[in-house]
Every structure is written in structure tokens, then in C-alpha cells.
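Visitor:
2 protein chains.
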Amino acid sequence: MKILVLTAHPDLKRSRINRAWFNALTEAEAVTARDLTAVGGPDMQFDTDAEQAMLLEHERIVFQFPFYWYSSPPVLKAWMDQVLSYGFAYGPGGDKLKGRELLITVSTGGPADSYHAGGYNNFTVDELLRPFQQTAHLTGMTYLRPFVAHGMALATEEQIDASVPEMLVHLTDPELDPKIKQARLLKALADDPSKAAAVS
Amino acid sequence: MKILVLTAHPDLKRSRINRAWFNALTEAEAVTARDLTAVGGPDMQFDTDAEQAMLLEHERIVFQFPFYWYSSPPVLKAWMDQVLSYGFAYGPGGDKLKGRELLITVSTGGPADSYHAGGYNNFTVDELLRPFQQTAHLTGMTYLRPFVAHGMALATEEQIDASVPEMLVHLTDPELDPKIKQARLLKALADDPSKAAAVS
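In order, the protein sequence lines correspond to chains A and B. Heads up: the first sequence runs through residues 776 to 975, numbered per the working numbering. Heads up: the second sequence runs through residues 776 to 975, numbered per the working numbering.
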């Protein structure tokens, strides 16, 4: 499985967590990691044909970014609006991403317990990522469980270092597709029908 | 009440609906309407001090944009990331937007019935706008009921023309704050206690 990581950070040199992730990803096997800010330049303009050709060479697409105002930095949205075009990603003939996987990888400044009803961020990260989830859905991609590292505003160097292998394991896990996990559970139930009530 | 409209469209001259709205807003009383793409230039760079000063002169802030991939064009996110800064919009001393109102005004290509569970867009516009809602919450702004015009991909000139006064009435309604509507209901109930069970 070939993985394309699109990293969206306005200044990766000054990042702590996203730079550490990006550097590890550039050295990982079967991973193409790209700094969108460097690719798009100051006016965030992308070569649509080249970007689309690159998407077609990979089975799993990863959007990696810090959570700024509960979404990605603008460069990723610029990329999406220019590259996920009519006739390619949606509309007549727009089935080129169908069957590929989309995986969001995000760092948040706030702690995990803030991303809950009753927490100061009110909503879960899953809820705040709905625009990306529905983008995957409309383009026929399988939306995978995101990788989220919380509390990065106050993270120590040790915590950042520890997040790197955890992130790599998640991003390269070949069995993140929910259908795979469900099939495994259903097979286990078939092997032991007395537990069949536990289907969900 | 002074209203600041920030219009986020990559090319307003080529827009149908958002240009019609923007043109009407530039002529409306007590409304400052700004084309963020023109203000920020090709590299989407904003004068943070000037933008913040302008925010302080208005009580209601409107983000107006077409729904691209279930969010705004990148120029609005560039503005948010640069202008809603630490010490201004959040963090110590960051209470400058507290008590103001945020109102999202959005056009969608797809019809209203697609923005539902079981519709092809799966989620409601309210759900997809959570990042903006939570931005309002974190900055202490009152999040108002959005103005949404659906089905604009196939809209006729007549439908676009008809949306303009509807949009203007919504954006300039001084009583959109949910506390005002709730207070009105509670007062009506106090006048007729027999109906007090209907509090929600």
C-alpha cells in the first residue's frame, strides 16, 4: 500500500510536532510526504494535473495538520479546492478517488477532555472533522479513524518524541478500514454463535 | 447595530449568488462589506492590526461564502488564522470579541434535502459548520442562526434575485440572538401560566 501524506503547516520549520511527524514520514517506507506550503508557494497555487496524477499513484491519502480554529490551515483547503475538481473527484467521470482511503492526522493544542460535550471545546474532534469526512464520502473514499495527538500546546520533547512511532503505526496500519474490523468480529461470532447478540 | 461582512470568494466577479449578495450588502445601511480576496491579495496576507481595529467597530460579524467542500474558501481561514490571535480573540486579555455576534451566510450547490442524514451530503449544514460555531464559542461571541441558500448550482436568475432581500432581512435582523427569542417565549408563558409545560 502506497501512502501519500499532504502536510499543511504555514511554517513547518517553526513547528515542533508536525515537523517531527513530517521528518519521520519522509523516511518511512512506501510513504510520499509533501509540505504543501513549500509546493504551493506563497500564493498557494497547485498544478492540478500533477497533483491528481500523484493521488492516482497512492492508495491511502493522509491530510496532516495542526488544528487551527478547529480545521486545517488554509493551504490544505486551497489544495482541496484546486485539485478535487469536477470530473476527477465528483460529478460525471469523477470517480478517480473511489476506493482509496482518507486519513486525517491532527495535533491539537488543547487536552483530550476539552473535546467533549461539557468540555471547553464542546465538540469531539470527529464532529469538528465532519467536512473532511463528508469530502471522503462524496468522492467515494473510505474515511479512516483519524490519528489525533492532544495537548500539544504544553507537550514536552519526550511527549513529542513518543508521538512519532505511535503516529507511524497508525498511518501505516493496513487494516484501518472499518469493514476489515467488522468482518473480523463477524467471523469470531460465526465461530462461536452463542455470542451472536453482540453484533455491534 | 453595525455589521461587518467578510466575503470569502476566490473570484467574486465570476460568482453569481455571492456577488449579488455582496453588491447588495455594499449598499446596505450600517453594513461594511469587504471582499477578502481583494483585501488579502494573491498571498492572502492581512494587516492584523487593521483587521482587528475594524472588528472592534462592529457588533455583528458576518462570514459570507460559497460552501466548497463543506467549508469556506481558504481566504477566510487565512484571515481567521492571522486575525483571531492570542491575546485578542482568546488567551489572557483575549476577550476583544466577547459579546459580539457571528453569523454565517452560505450558499450551497446541492439542494436542502441533501443536507440530512440519509441525504447524499449526510450531515446538516449546522453540523458541517461546527468549526465556526466553536470558534464563536471560544472567542465569547454569540453564534447566530446561519443564513443558508441551497440549490444554487441550478438556481435561475429569478431565484438568485429573490434570495437577496431574504438574505438582507436575515443579516440585519436585530433580534437573532437566541436569548431574545427565548425571553419572548418565557414572557408569553408568564402571561398565560396554563401553557407553562411548553418551555422548550
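Think of the CB as a built atom: it goes at the ideal place given N, C-alpha and C, for glycine as much as any other residue.
For V806 (chain A), collect the residues of the same chain with a Cβ closer than 7 Å to its Cβ; drop the 5 residues on either side in sequence, then sort them by chain order.
Guide: Excluding positions up to five away in sequence, the list reads I778, V780, L800.
Visitor: Please state if the CB of P906 (chain A) and the CB of S847 (chain B) are separated by a distance shorter than 7 Å.
Guide: For S847 (chain B) and P906 (chain A), no; Cβs fall outside 7 Å.
Visitor: Is the beta carbon of A864 (chain B) less than 7 Å from the beta carbon of T914 (chain B)?
Guide: Yes, Cβ-Cβ distance for A864 (chain B) and T914 (chain B) is below 7 Å.
Visitor: Per DSSP, what are the beta-bridge partners of P841 (chain B) in this structure?
Guide: According to DSSP, which records beta bridges pairwise, P841 (chain B) is partnered with B:S882.
Visitor: Just tell me which of B:A828, B:A808, B:K873 has its CA closest to the CA of A911 (chain B).
Guide: Taking only the C-alpha atoms, the option nearest A911 (chain B) is B:K873.
Visitor: Roughly how many angstroms lie between the CA atoms of P940 (chain B) and A803 (chain B), to the nearest whole one?
Guide: Straight-line Cα distance between these residues: approximately 11 Å.
Visitor: Using a Cβ-based criterion (distance less than 6 Å to any ligand heavy atom), does D824 (chain A) qualify as near the ligand SAH?
Guide: As far as ligands go, the structure on display features none, and thus does not contain the ligand SAH.
Visitor: What does T910 (chain B) reach in chain A if we use C-beta pairs closer than 7 Å?
Guide: Within chain A, the residues near T910 (chain B) are W844, Y845.
Visitor: Would you kindly report the start and end of the unbroken beta strand (DSSP E) that includes L779 (chain A)?
Guide: That run of the beta strand (DSSP E) goes 778 to 782.
Visitor: What's the gap between the Cα of F838 (chain B) and the Cα of D967 (chain A)?
Guide: Spanning the two alpha carbons is a distance of roughly 56 Å.
Visitor: Any Cβ of chain A within less than 7 Å of the Cβ of F922 (chain B)?
Guide: F922 (chain B) does not count as touching chain A.
Visitor: Check for me: the alpha helix (DSSP H) holding D901 (chain A) runs from which residue to which?
Guide: 900 to 903 is the extent of the alpha helix (DSSP H) around D901 (chain A).
Visitor: Any residues in the segment 877 to 900 of chain B with a beta carbon nearer than 9 Å to a beta carbon of chain A? Which ones, in chain order?
Guide: Those residues of the segment 877 to 900 of chain B that come within reach of chain A (Cβ to Cβ, closer than 9 Å) are Y895, N896, N897, F898.
Visitor: Give me the DSSP bridge partner(s) of F922 (chain B).
Guide: Partner(s): B:T880.
Visitor: On the three-pair Cβ rule with 8 Å, is the segment 849 to 867 of chain A touching the segment 809 to 817 of chain A?
Guide: Contact between the segment 849 to 867 of chain A and the segment 809 to 817 of chain A is present, because at least three Cβ pairs lie under 8 Å.
Visitor: DSSP three-state label for S847 (chain A), please.
Guide: The answer is coil: DSSP assigns S847 (chain A) none of H, G, I, E or B.
Visitor: Can you pull the DSSP bridge partners for R835 (chain A)?
Guide: Note: R835 (chain A) sits in a beta bridge opposite A:I778, A:E876.
Visitor: Check whether the Cβ atoms of I935 (chain A) and A795 (chain A) lie closer than 7 Å to each other.
Guide: In contact: I935 (chain A) and A795 (chain A) (Cβ atoms closer than 7 Å).
Visitor: For chain B, is any of its Cβ atoms less than 7 Å away from the one on L903 (chain A)?
Guide: Closer than 7 Å: yes.
Visitor: If you measure between the beta carbons of F821 (chain A) and V858 (chain A), is that distance less than 7 Å?
Guide: The answer is yes: Cβ separation under 7 Å.
Visitor: Indicate whether at least one CB of chain B lies closer than 7 Å to the CB of K777 (chain A).
Guide: By this cut-off, K777 (chain A) is not an interface position.
Visitor: Where does M776 (chain B) land, buried or exposed, given buried means 16+ other C-beta within 10 angstroms?
Guide: By the neighbour-count rule (16 or more Cβ atoms within 10 Å), M776 (chain B) is not buried but exposed.
Visitor: Which residue comes first and which comes last in the beta strand (DSSP E) that contains D967 (chain A)?
Guide: Note, D967 (chain A): premise wrong, no beta strand (DSSP E); not H, not E.
Visitor: Hey, L919 (chain A) and L951 (chain A) are a contact pair by Cβ (cut 8 Å); roughly how many whole angstroms apart?
Guide: Right, the Cβ-Cβ distance comes to about 4 Å (below 8 Å), so this counts as a contact.
Visitor: Output, in sequence order along the chain, the residues in the segment 804 to 826 of chain B whose CB is closer than 9 Å to any CB in chain A.
Guide: Those residues of the segment 804 to 826 of chain B that come within reach of chain A (Cβ to Cβ, closer than 9 Å) are G816, P817, D818, M819, Q820.
Visitor: Any beta-carbon of chain A closer than 7 Å to the one on K873 (chain B)?
Guide: No, no contact with chain A.
Visitor: Taking only beta-carbon atoms, is P953 (chain A) less than 7 Å away from chain B?
Guide: No, P953 (chain A) lies away from the interface with chain B (no Cβ there is under 7 Å from its Cβ).
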